[in-house]
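**Q** After the structure tokens below, expect a handful of questions from me.
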Amino acid sequence: MRRLDNIDLRLLRVFVVLADAGGFSEARITLNLSQSTLSTHLAELEKRIGGQLCLRGRSRFRLTDLGQATYAAARKLFGDIDDFQARVDAASGGITGRLKIGMPDGIHTSPQLGIHKVIARLMQPGIDVFIDLFLGTPSELEQRISDGDRDIVIGPLTQKAPGVVYQPYFDEPHFLYCGKGHPLFAQPDAMIEQAAIDAARFSVRGYRQFDDLYRVGHPRAGASTVDMEAQFMLILSGKFIGFLPDHFAEPWVREGQLRAIKPHTYRFTSTHNVAYRASDAERPLIRAFLASLAWRAKVKGGLPGTAD
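Going by the working numbering, the sequence shown opens with residue 2, and the numbers climb by one from there.
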């Protein structure tokens, strides 16, 4: 293999995005490059690496053994570059760099979190930050913070990975909802019996379907999704019941499109945690983001984050 030079960093970044996307179609959108340009970059990198990195065709895209090794090494390299930048920033007193955040979907309506307010407070004059925001399931977030793919994640995290700091941030109430047109929609709570709940089609989030079913004592799922918006659409159809966070459902409840079913009976609270690696605790960028979260928690009465 030929010795790599600085220009290969750009080619490696293109390759990592291509591998993460699992093919050219999604990578084209992410990178805003044409497929022919992507192919040229990949061919140039393969020439410099000295072998084929992926198998590509109309029906499949797969990394070769060399591609897997190159991908892993590139991810480590970019992590080391970020660490180098963080150390330089800490020594100079500046706050710059790339902040890789992860969180679940469907929390943009949460008044406690208000992630747009947190980001707005973070992006003050003198702070030069590139935000890399990923939305995923709780298990994906846990895996990515553990692997070092994310700098900080927020969500209903249940696993405790070694070397990761977890701080409770806010509580998110969930209720069981049905949409207008569902047989349960117009029934008073006092008239709804367990048999009617059992007979309803139940929509669950796939990453925790047994928990949702167990909370209601429902015999089986009638639909499954991993996205909050997809869950909402199924319930709004009037054909399914399912759990949603109260802040997500509330505007549609006001409009008479959704209703909570027996909210004193069918409810649970999900505690969202902030997680980051202990080794990153003194990074200026991490400290700045945690301070913005703590400010938001104080403003909206959330759970304690970290000190300003």
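Where a beta carbon is used, it is the ideal one built from N, C-alpha and C, also for glycine.
On the three-state DSSP scale, how would you describe LEU237?
**A** Of the three classes helix, strand and coil, the one that applies to LEU237 here is helix, per DSSP.
**Q** Tell me, please, whether the CB atom of ILE50 is closer than 8 Å to any CB atom in chain C?
**A** Looking at the structure shown, chain C is missing, and only one protein chain is on hand.
**Q** Cutting at 8 Å between CB atoms, please list the residues of its own chain near PHE176, excluding the five before and the five after it.
**A** Contacts found: PHE244, LEU245, ASP247, ALA250, ALA261, ILE262, PRO264, TYR267 and ARG268.
**Q** Measuring straight from C-alpha to C-alpha, what distance separates LEU294 and SER280?
**A** So the two alpha carbons sit approximately 19 Å from each other.
**Q** When we look at the beta-carbon of HIS273 and count the other beta-carbons within 10 Å, is it buried (16 or more) or exposed?
**A** So HIS273 counts as buried.
**Q** Let me confirm a value: ALA276 is counted as buried when at least 16 other C-beta atoms fall within 10 Å, else exposed. Which label applies?
**A** Its Cβ being crowded by 16 or more others within 10 Å, ALA276 is buried.
**Q** If you draw a straight line from the C-alpha of ARG61 to the C-alpha of GLN69, how long is it?
**A** Computed Cα separation, rounded: 16 Å.
**Q** Taking 8 Å as the cut-off, decide whether the C-beta atoms of LEU54 and THR65 are in contact.
**A** Yes, the Cβ-Cβ distance between LEU54 and THR65 is below 8 Å.
**Q** Around the Cβ of TYR178, are there at least 16 other Cβ atoms within 10 angstroms (buried) or fewer (exposed)?
**A** Flag for TYR178 reads buried.
**Q** Please determine, among TYR170, GLU173 and ALA200, the residue with the shortest C-alpha to C-alpha distance to PRO184.
**A** Selected option, being the one with the closest Cα: ALA200.
**Q** Below 8 Å on the Cβ atoms is my guess for ASP129 versus THR97; work out the distance and round it to an integer in Å.
**A** Sure, about 4 Å apart at Cβ, within 8 Å.
**Q** Mind checking whether MET229 and GLY107 have CB atoms under 8 Å apart?
**A** Taking 8 Å as the Cβ cut-off, MET229 and GLY107 qualify as a contacting pair.
**Q** Which parts of the stretch 220-288 are runs of the alpha helix (DSSP H), unbroken and 4 residues or longer, counting only runs that do not cross its ends?
**A** Correct list: 229-237 and 247-255.
**Q** Take GLU256 as the anchor and find which of PHE241, LEU237 and SER140 has the nearest alpha-carbon.
**A** Nearest of PHE241, LEU237 and SER140 to GLU256, Cα basis: LEU237.
**Q** Buried or exposed for ALA187, going by 16 or more other Cβ atoms inside 10 Å?
**A** Flag for ALA187 reads exposed.
**Q** Hey, would you say LEU100 sits closer than 8 Å to ASP152, going by beta carbons?
**A** Yes, these two residues count as a Cβ contact at 8 Å.
**Q** Might you give, ordered along the chain, the residues of its own chain that have their beta carbon closer than 8 Å to the beta carbon of PHE203, omitting 5 neighbours on each side?
**A** Only ASP213, LEU214, VAL217, HIS219, ARG221, ALA222, GLY223, ALA224, PHE241, ILE242 and GLY243 meet the Cβ criterion.
**Q** Hey, would you say VAL17 sits closer than 8 Å to LEU32, going by beta carbons?
**A** It is not a contact, given that the beta carbons lie outside the stated cut-off.
**Q** In this structure, what does DSSP give as the bridge partners for SER293?
**A** Answer is none; SER293 lacks a bridge partner.
**Q** Between the alpha carbons of PRO189 and ARG278, how many angstroms are there, rounded?
**A** Spanning the two alpha carbons is a distance of roughly 49 Å.
**Q** Find the nearest neighbour of SER140 within the set ASP9, LEU123, LEU46 and LYS161, judged by alpha-carbon distance.
**A** Nearest of ASP9, LEU123, LEU46 and LYS161 to SER140, Cα basis: LYS161.
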